[in-house]
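Asks: In the working numbering, the protein residues as written are 75 to 237.
Ideal Cβ placement from N, Cα and C applies to all residues, glycine included.
Keep in mind the model is a prediction, meaning the values are calculated, not measured.
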Amino acid sequence: MPLDAVPASSQSDGRWKIAYVPSGNPLSVAIVKGASSKNLTYSFTPDGFNWATTQAEVADPRLTLVQDLTRPGKKKETLETKYVDSAAADSAAAVLTEGVSGFFVIRRGTDNATDWTVGDKVDVITFTAGAQRPDAPVENGVDTISQTQYITAVTLRKATLIA
Numbered sequence: 075m076p077l078d079a080v081p082a083s084s085q086s087d088g089r090w091k092i093a094y095v096p097s098g099n100p101l102s103v104a105i106v107k108g109a110s111s112k113n114l115t116y117s118f119t120p121d122g123f124n125w126a127t128t129q130a131e132v133a134d135p136r137l138t139l140v141q142d143l144t145r146p147g148k149k150k151e152t153l154e155t156k157y158v159d160s161a162a163a164d165s166a167a168a169v170l171t172e173g174v175s176g177f178f179v180i181r182r183g184t185d186n187a188t189d190w191t192v193g194d195k196v197d198v199i200t201f202t203a204g205a206q207r208p209d210a211p212v213e214n215g216v217d218t219i220s221q222t223q224y225i226t227a228v229t230l231r232k233a234t235l236i237a
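What follows is the structure, encoded as structure tokens:
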């Protein structure tokens with residue numbers, strides 16, 4: 075038995091929801107659920123939403139101090155996507171054409187079948203899509219496309235959806 079409390083974890087299987095919102099307020103449930111928004115969750119492959127953050131290190135040296143100090147610098151976010159190639163109108167392959175801009179609205183920790191609701195905590199990535207790069211075929215696999223999404227505004231993290 076551990077001496078300290080063990081925090082509960084959140085399983086990721088079936089508990090991510092990713093919508094593409096082309097315009098409007100991406101924090102509005104009405105916009106996220108609107109006709110122009112697309113649920114792309116199941117277009118992505120398991121390794122197909124590689125969203126990463128790195129942070130620069132700012133040197134903070136001091137005269138005669140025996141240790142160099144550092145401070146946190148600017149952050150850089152990148153998003154590499156990989157999704158199934160599909161002719162379906164609501165698929166990532168059809169929606170994320172080169173040059174398209176918009177928002178990814180990402181909700182974690184709630185069953186994917188649960189509809190978007192006011193109060194949901196979401197992350198919002200503002201992006202412009204790069205070139206679609208068809209991946210090499212694989213044996214016993216499906217055709218996929220890789221693509222860089224260029225982040226064009228500061229990402230909103232743990233923002234709250236409104237009506």
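1) Taking all protein chains shown into account, do 16 or more other C-beta atoms lie within 10 angstroms of the C-beta of threonine 155, making it buried, or fewer, making it exposed?
2) Any idea if proline 100 is buried or exposed, counting beta-carbon neighbours within 10 angstroms, 16 or more meaning buried?
3) Looking at the secondary structure, which residues open and close the alpha helix (DSSP H) in which isoleucine 236 lies?
4) Return the first residue and the last residue of the alpha helix (DSSP H) that alanine 104 is part of.
5) Who are the Cβ neighbours of glycine 147 in its own chain at under 8 Å, not counting the five residues just before and after it?
6) Can you name the start and end residues of the beta strand (DSSP E) that valine 132 belongs to?
7) Threonine 229 and isoleucine 180 - do their beta-carbons sit closer together than 7 Å?
Replies: With the structure as the only source:
1) buried
2) buried
3) Counting along the chain, isoleucine 236 falls outside any alpha helix (DSSP H), and DSSP gives it neither H nor E.
4) 103 to 106
5) Gln129, Ala130, Glu131, Val132
6) 118 to 134
7) no
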